[in-house]
Every structure is written in C-alpha cells, then in structure tokens.
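Engineer:
Numbering (the working numbering), first residue to last: 697 to 926.
1. Could you check the C-alpha separation between residue 805 and residue 858 for me, to the nearest Å?
2. Taking the alpha carbon of residue 788 as the reference point, which residue from 855, 709, 750, 875 has its own alpha carbon closest?
3. Drop a sphere of 10 angstroms on the beta-carbon of residue 746, count the other beta-carbons inside from all chains shown, and report buried for 16 or more, exposed for fewer.
4. My output table needs one value for residue 841: the three-state DSSP class, helix, strand or coil.
5. Could you check what DSSP says for residue 893 in three-state terms: helix, strand or coil?
6. Can you tell me the Cβ-Cβ gap for residue 741 and residue 864, rounded? I've got them flagged as a contact below 8 Å.
7. Tell me the DSSP bridge mates of residue 854?
8. Considering only C-alpha positions, which residue in the set 723, 777, 717, 756 is nearest to residue 872?
9. Of the residues 860, 850, 786, which one's Cα is nearest the Cα of residue 817?
10. Three or more C-beta pairs under 8 Å: does that hold for the region 820 to 828 against the region 838 to 846?
11. Just how far apart, CA to CA, sit residue 813 and residue 800?
12. Report, in whole angstroms, the separation of the C-beta atoms of residue 693 and residue 826, which I expect to be a contact under 8 Å.
13. So what's residue 904 in DSSP terms, helix, strand or just coil?
14. Ordered along the chain, which non-local residues of its own chain (more than five positions away) have a Cβ less than 8 Å from that of residue 790?
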C-alpha cells in the first residue's frame, strides 16, 4: 500500500484561503459598482409627467334668487388627464386629489385613487370636478366676475409616489399640474367704464338676468395647462 501524501504546509493553506476571500470581495465590489452605475444611468429615477388632455364644461346651472338677491350656481368640469411613468421600473403613487380653485380658494375636489404604473407606460383617467356652491357663492368676487362675463378657475393636481430601483433603493418622486380655466358666461367683453356703488347695486339684478338668457352660449376659453416637477 502506497503511503499517503504529506499534508500541505500551513502557509500554502492560508494563502489559498486569502485568495478565495479576495475573489469574493472583488465579486461583491463589482456587483455593487454595477448597481451604482445602473442606478445612475439606466435606472435613474425620473419624475412622472402629468398632462391634462382636455377640459370640458359638463354642466353650468344658474338660477337667480330674487328674494335673497343672490344666485344659485353649479359648475361641473370633465377633466381628462394622463400620467406617464418615464422610469425603467414601476411607479407607485398614493391617494391624492384634483383641486378646483377660485381666486385662491378651494371650491371643488375630485379623488385620485392610488395605483401603480408600469415602466415606460401611461395611464389615462377622467375626473369630474364639481364646484361646491356654498364656497363659491361666499366669495365676494363672484358677482363682479359674473357681471364681467368671465369666471376664472384653476385646476391643480399633485401626484406623489415612490420608485424602487432594483427593488432595493426607494426614491420619492412628485409631479404638479395646473390648469388656468376661464368660463365665458356672457360672451362679451368687460366694460371699462367705472360706475358708482349705487348704480352697480341697481344694475346687479338686471345683469344677472342677462346671464340666465345667455347661458346657452357659455364656452370655455383661455385654457392654459402646465406641468412641473421639483
């Protein structure tokens, strides 16, 4: 029977283990470097793009309350918007709302439920924004705007969510969209003449009655929408 080979010297064993450790460390560093490069290039987080495709005046109900010298007003807008995810990974956004503002005051709101958008995809949705009449009528500028023939509104949408890079790195992204909308209720230009307060009060009922006669001609004009991200 042949004698067994002698065991390797301890120094050779330690050198082999050291080489294996160096190879493992080099592989780990290479993977980390690859992930960093991909995260800064291909998988770099981008903010979503929200676009308002159309705004339509769905309803405009108006009635004159002669007993209280006031008006009953209801405005409903149909808004079609799309959200594009330009990232190479999915984008999850949280519950949010589209807001309708009148001269800095929130007068309407529509919920925008949470969802997920796949990579390089867009989703389209239709929102119905209804003006809360009590908030609108309580604004002291309403009567003068109706008499002038133009009701200025603005729609605001904020979409915020998270992008997961390689399912490890979590990055917050957000997008804002604002639309300035003018509702032409009289189809006539604003008078440049200045009237005394008593003349304005005397003419208010007459002017509001003109509104009821001309509501069929109402249109949306000067719709300006713009989006931005931080």
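Just so you know, even glycine gets a beta-carbon here, dropped at the ideal spot from N, CA and C.
Computed from a predicted model, the values in this text were never measured in an experiment.
Structural biologist: Inspection of the coordinates gives the following:
1. The residue given as residue 805 occupies position 109 in the chain shown. The residue given as residue 858 occupies position 162 in the chain shown. Going from the Cα of residue 805 to the Cα of residue 858 covers about 24 Å.
2. Translated into positions along the chain shown, residue 788 becomes position 92. If we check each option's Cα against that of residue 788, 855 comes out closest.
3. For the purposes of this step, residue 746 is taken as the residue at position 50 of the chain shown. Sixteen is the threshold: when 16 or more other Cβ atoms of the shown chains lie within 10 Å of the Cβ of residue 746, as they do, the residue is buried.
4. Residue numbering aside, residue 841 sits at position 145 when the chain shown is read from its first letter. Residue state, collapsed to three classes: helix.
5. For the purposes of this step, residue 893 is taken as residue 197 along the chain shown, with counting starting at 1. Because the pLDDT at residue 893 is just 40, under 50, the model does not fix this residue reliably, and the value given afterwards should be weighed accordingly. Helix at residue 893.
6. On the chain shown, residue 741 is found 45 positions in, with the first residue counted as 1. On the chain shown, residue 864 is found 168 positions in, with the first residue counted as 1. Actually they do not touch by this definition, with Cβ atoms about 13 Å apart.
7. Your numbering for residue 854 matches position 158 in the chain shown. Answer by DSSP bridge pairing, in chain order: 872.
8. Working through the chain shown from its first residue, we reach residue 872 at position 176. If we check each option's Cα against that of residue 872, 777 comes out closest.
9. What you label residue 817 is simply residue 121 of the chain shown in a count that begins at 1. Ranking the options by Cα distance to residue 817, first place goes to 786.
10. Remark: fewer than three beta-carbon pairs, one from each stretch, lie closer than 8 Å, so the region 820 to 828 and the region 838 to 846 are not flagged as touching.
11. Counted from its first residue, the chain shown places residue 813 at position 117. Counted from its first residue, the chain shown places residue 800 at position 104. If I take the Cα positions, the gap works out to 31 Å.
12. An answer regarding residue 693 cannot be provided, because it is not within the stretch 697 to 926 covered by the chain.
13. Taking the first residue of the chain shown as 1, we reach residue 904 at position 208. Unreliable placement is indicated for residue 904, whose pLDDT of 49 sits below 50; the coordinate value is still reported in the next sentence. DSSP places residue 904 in helix when its eight states are reduced to three.
14. The sequence position of residue 790 within the chain shown is 94, counting from 1. Here the set comprises 810, 856, 857.
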